[in-house]
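Below: one structure, written as structure tokens.
Residue numbers (our numbering): 128 to 216.
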């Protein structure tokens, strides 16, 4: 028993949502990085450098997470389409 049309459409729709979430994740990471750098510019010494390192690491993590979320979304969209084609829909 396979997935029915509504389920494959839902899979594709949720995949599309994941792709959109990935863009928001990337944007949030970049905003955090910019905010931390602005705060660090008002600080001196080791604390400023630690804040910049943290912000950079967080931004890189959000980019990597967004890449995986986007790929998962893309895969979900295409699995839904492929299942529909396989069933002749």
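Every residue gets a Cβ at the ideal spot worked out from N, C-alpha and C, and that includes glycine.
**Request:** Determine, using beta-carbon pairs with one atom in the stretch 192-203 and one in the stretch 150-157, whether at least three such pairs fall under 8 Å.
**Result:** In short, these stretches touch, since the Cβ pair count reaches three.
**Request:** Find the nearest neighbour of residue 177 within the set 188, 210 and 163, judged by alpha-carbon distance.
**Result:** 163
**Asked** If you follow the alpha helix (DSSP H) that residue 207 is part of, which residue opens it and which one closes it?
**Response** 173-213
**Message:** I'd like to check one pair, residue 175 with residue 167: are the Cβ atoms closer than 8 Å?
**Reply:** Contact: yes.
**Request:** Could you work out which residue in 137, 197, 205 and 171 is closest to residue 149 when comparing CA atoms only?
**Result:** The shortest Cα separation from residue 149 among 137, 197, 205 and 171 belongs to 197.
**Helix, strand or coil at residue 167 [DSSP, three-state]** = helix
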